[in-house]
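A.B. asks: This structure is in structure tokens; I'll ask about it shortly.
2 protein chains.
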Amino acid sequence: MNSTQQYLTIHGIKPSVQRLAIMEYLLKHRTHPTADEIYTVLLPDMPTLSKTTVYNTLKLFVQHGVALYVDIDERNARFDGEMKTHAHFRCKKCGCIIDVPLPDMQSLLPDRPDFFIDEAYINVKGLCKACKL
Amino acid sequence: MNSTQQYLTIHGIKPSVQRLAIMEYLLKHRTHPTADEIYTVLLPDMPTLSKTTVYNTLKLFVQHGVALYVDIDERNARFDGEMKTHAHFRCKKCGCIIDVPLPDMQSLLPDRPDFFIDEAYINVKGLCKACKL
DNA sequence: CATATATTTGTAATTACTACAATTTTGATT
DNA sequence: AATCAAAATTGTAGTAATTACAAATATATG
């Protein structure tokens with residue numbers, strides 16, 4: 709059993725071939741891919757793969773805490789296999805998405821009696837180095 | 709000329725009847741409405757209003773800096789007339805969206821040589837008081 | 001092996017949003 | 001007031017991401 713299999717199993721996900729391929733894609737490519745991107749790249753090696761499976765699997769991953777739903781692109785949902793706390797930067801010109809380490813998450817969140825926070829998302833936008841030039 | 713008219717004019721937007729109605733809706737209702745919500749509420753008093761106009765107008769508002777595109781709801785785009793820096797909380801149960809004042813925005817953003825930030829969005833999720841009980 | 005359960009697949013439907021062309025309104029000029 | 005150009009609005013038709021659902025396939029269990 710390889711480490712991705714273990715990783716899924718530990719999180720209560722049965723490691724089918726499709727799920728393994730999608731999880732490994734997420735872990736290897738830090739580009740915050742869309743469902744369609746994953747589908748298109750995996751299709752040549754898994755000709756029977758269905759787009760529905762990709763969508764189902766990504767939803768399953770988010771529910772089980774092995775992937776992040778990144779809502780930074782107005783057009784499509786993006787997904788991230790990195791689960792350590794971090795923010796996302798998106799270039800307004802080329803659309804690339806870069807991970808941004810976050811120093812102190814807790815101190816930033818206000819303590820309010822009218823709601824109870826358990827997830828936080830920080831999205832920043834601007835121009836990446838290549839596009840700024 | 710009322711204050712909303714002035715507000716739009718100052719920001720380079722010609723204050724048509726439709727634009728005024730939409731802007732006033734945004735300023736009066738702090739619910740972060742969807743385009744469809746605005747359309748539905750305004751329709752009875754403006755029977756010829758078109759949904760396209762609502763979409764066009766909201767896009768115009770965002771471009772001219774009198775409205776915020778709030779990307780916190782996976783289903784639809786939401787809009788906010790409050791332009792002072794703040795974060796958004798969304799209840800995962802009832803879906804309500806609450807403004808959250810932000811103490812120190814600048815200090816939180818990392819200084820990196822590989823990109824240049826000019827917009828920042830902070831979305832937090834959890835349960836609101838009513839849903840927590 | 002047989003049967004139940006879980007997973008995957010493909011198609012059809014949904015729906016937010018946009019493109020676009022026609023119509024209407026506005027505003028300036030005569 | 002009439003004319004004309006530019007801007008704004010409207011309605012329809014289209015796009016595209018996502019989901020619903022039922023059939024097919026794979027997997028696990030007795």
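Each protein sequence line maps, in turn, to chains A and B. Taking our numbering, the leading residue of the first sequence gets 709, the next gets one more, and so forth. Taking our numbering, the leading residue of the second sequence gets 709, the next gets one more, and so forth. Ideal Cβ placement from N, Cα and C applies to all residues, glycine included. Fair warning: this is a prediction, and the values are worked out from it, not measured in the lab.
1. Along chain A, which residues have their Cβ under 7 Å away from the Cβ of B/N710?
2. At what residues does the alpha helix (DSSP H) containing A/I718 begin and finish?
3. Kindly provide the ranges of any alpha helix (DSSP H) runs that are 4 or more residues long and lie completely inside the segment 745–793 of chain A, ordered along the chain.
4. Determine, using beta carbons only, whether B/A828 comes closer than 8 Å to chain A.
5. Scan the segment 761–784 of chain B for residues whose Cβ lies nearer than 8 Å to a Cβ of chain A and list them as they occur along the chain.
6. Let me see if you follow: with CB-CB separation under 8 Å, is B/V832 close to chain A or not?
7. State the Cα-Cα distance for the pair B/E827 and B/T742, rounded to the nearest angstrom.
8. Report the option in A/V762, A/L835 and A/S758 whose CA atom is closest to the CA atom of B/R820.
9. Please report how far the alpha carbon of B/E782 lies from the alpha carbon of B/H737, in whole angstroms.
10. Alpha helix (DSSP H) containing B/K840: first to last residue?
11. Starting from the beta carbon of A/D822, find every residue of chain B whose beta carbon is closer than 8 Å, and list them in chain order.
12. Using the three-state DSSP reduction, which class does A/I825 fall into: helix, strand or coil?
13. Where A/V774 and B/L735 are concerned, what is the direct C-alpha to C-alpha distance, given to the nearest angstrom?
14. Any C-beta of chain B sitting closer than 8 Å to the C-beta of A/K792?
C.D. replies: Concretely, from the data shown:
1. Neighbours of B/N710 on chain A: none; closest Cβ ~32 Å, over 7 Å.
2. S711 to I718
3. 759–771
4. yes
5. Y777, D779, I780 and E782
6. yes
7. 21 Å
8. A/L835
9. 21 Å
10. K837 to K840
11. I806, C836 and K837
12. strand
13. 40 Å
14. no
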